[in-house]
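So the sequence shown is numbered by the working numbering: it starts at 10 and just counts up by one. All C-beta atoms in this analysis are idealised placements derived from N, C-alpha and C, irrespective of residue type, glycine included.
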Amino acid sequence: MNIHNTSFLAVTHQKFDVYKKLSEQSGPEQAWVQMLRYYPDEQIKRMMPFLDKSSLAEGFALGIPFLKSIGIGAVVVDISNNGIDGALEIHKQCPYMKISKKYGFAEPCHIICEIEMEIIRRAFPGIKAEIISRKAYDSSVCVFKYERRVR
Numbered sequence: 010m011n012i013h014n015t016s017f018l019a020v021t022h023q024k025f026d027v028y029k030k031l032s033e034q035s036g037p038e039q040a041w042v043q044m045l046r047y048y049p050d051e052q053i054k055r056m057m058p059f060l061d062k063s064s065l066a067e068g069f070a071l072g073i074p075f076l077k078s079i080g081i082g083a084v085v086v087d088i089s090n091n092g093i094d095g096a097l098e099i100h101k102q103c104p105y106m107k108i109s110k111k112y113g114f115a116e117p118c119h120i121i122c123e124i125e126m127e128i129i130r131r132a133f134p135g136i137k138a139e140i141i142s143r144k145a146y147d148s149s150v151c152v153f154k155y156e157r158r159v160r
């Protein structure tokens, strides 16, 4: 694993740690709101190269090698249709499940994935982002759907 990937996983651990501390101080709802304020710049910087491509599927496909390097086997499916540029990002593995348990959380979705989807929706108003399947809820894969009008 290269240094960039190791630091990415370190930031993931930090997110769980910060969320846990904030939850203990002011409750889970307030912790989530504070996390939304704390991490958007990082998320925007990380997502911009993928969202800037001519199609979402093309952009997200560029992220597959990185996702693989941090333990996420991913597949991207182009679902563009009827003037909508769309992509499904399917994750076969989720390293966040194990990390979340280390911090005492049953599942990582609320702390990692839901925050990331909300940040994307706020930072890129033309993009719809949603979670349509979660391994943490006994699905075989996590599926993230992204859509926007064709450029």
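Selection from the options that minimises the alpha carbon distance to residue i
i: residue 150; options: 55, 95, 99, 80; result: 99
i: residue 138; options: 113, 111, 94; result: 94
i: residue 122; options: 112, 140, 115, 111; result: 140
i: residue 84; options: 157, 152, 159, 160; result: 152
i: residue 88; options: 67, 105, 106; result: 67
Residue i in three-state terms, based on DSSP
i: residue 88; result: coil
i: residue 28; result: helix
i: residue 116; result: coil
i: residue 101; result: coil
i: residue 17; result: helix
i: residue 73; result: helix
i: residue 143; result: coil
i: residue 79; result: coil
i: residue 160; result: coil
Proximity below 8 Å, CB of residue i to CB of residue j
i: residue 132; j: residue 49; result: yes
i: residue 124; j: residue 103; result: no
i: residue 155; j: residue 76; result: no
i: residue 31; j: residue 128; result: no
i: residue 136; j: residue 60; result: yes
i: residue 108; j: residue 14; result: no
i: residue 28; j: residue 40; result: yes
i: residue 96; j: residue 69; result: yes
i: residue 26; j: residue 112; result: yes
i: residue 92; j: residue 157; result: no
Span separating the alpha-carbon of residue i from that of residue j
i: residue 56; j: residue 24; result: 17 Å
i: residue 16; j: residue 22; result: 10 Å
i: residue 110; j: residue 90; result: 39 Å
i: residue 62; j: residue 117; result: 29 Å
i: residue 146; j: residue 101; result: 14 Å
i: residue 148; j: residue 142; result: 6 Å
i: residue 51; j: residue 33; result: 24 Å
Proximity test, Cβ basis, 8 Å: residue i and chain C
i: residue 87; result: Checking the listed chains, one finds no chain C in this structure; it contains a single protein chain.
Near the ligand GDP: residue i beta-carbon under 7 Å from a heavy atom
i: residue 71; result: Of ligands this structure carries none, so the ligand GDP is not represented either.
| task | Report the residue ranges of all alpha helix (DSSP H) runs contained in full by the region 39-70; include only those spanning at least 4 residues, in chain order. | result | 49-60, 65-70
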